[in-house]
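Going by the numbering used here, 558 is the number at position 115 of the sequence shown; the sequence numbering is gapless.
C-beta: ideal position from N, C-alpha, C; glycine also.
As the structure is a prediction and not an experimental result, all values here were calculated from the model.
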Amino acid sequence: MHKKRAREQGPLGKADVRTANPMKRVKLEAANSSPVELSSLTTSSGHHKSILDEQFDPLSTNHLLQTERLQNEVSSLKKQLVQKDQTLLDKDKAICGLKAESSERERDYRQKIQSIQKSHSDSLENLQVEIRNLKKQLSQATRSSSKKDVKESGPS
Numbered sequence: 444m445h446k447k448r449a450r451e452q453g454p455l456g457k458a459d460v461r462t463a464n465p466m467k468r469v470k471l472e473a474a475n476s477s478p479v480e481l482s483s484l485t486t487s488s489g490h491h492k493s494i495l496d497e498q499f500d501p502l503s504t505n506h507l508l509q510t511e512r513l514q515n516e517v518s519s520l521k522k523q524l525v526q527k528d529q530t531l532l533d534k535d536k537a538i539c540g541l542k543a544e545s546s547e548r549e550r551d552y553r554q555k556i557q558s559i560q561k562s563h564s565d566s567l568e569n570l571q572v573e574i575r576n577l578k579k580q581l582s583q584a585t586r587s588s589s590k591k592d593v594k595e596s597g598p599s
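Put into structure tokens, the structure is as follows:
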């Protein structure tokens, strides 16, 4: 009998709770004893229906708790997604920067190698020209010395 009287009075022990402002937030204890903050509902016909009217229906309260928990989980996952997207963007920027730096170094090395090869080929060509000139001079010197030897050995 005492339980029946408590239900008629409401969860707070006051009979006038249901007539209070339906938009006012009220803390209720759910079936699993965790506090939940609830407000009024609007039915499909547009009439305000107080959550206090449905507080005795444990399925409705559990449904609201689960909805709130899922909404919190969704918002948490959205925040994680934004953070991971930002991390990926930062890593992509770092990768692009490293690729650009690597490409620039490779281009510089190629230019350096080309300039060394050009310098080497130029010096090789100069040395070959010098060798030809020296060979000509040697052949001329040997000819002129052999003519001198012939002239000197001839009159005696």
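With 16 or more other Cβ atoms from the protein chains shown falling within 10 Å of its own Cβ, residue 504 counts as buried. The C-alpha of residue 540 is placed about 15 Å away from the C-alpha of residue 530. CA-to-CA, the gap between residue 559 and residue 533 works out to about 39 Å. Per the coordinates, the alpha-carbon of residue 593 lies some 16 Å from the alpha-carbon of residue 582.
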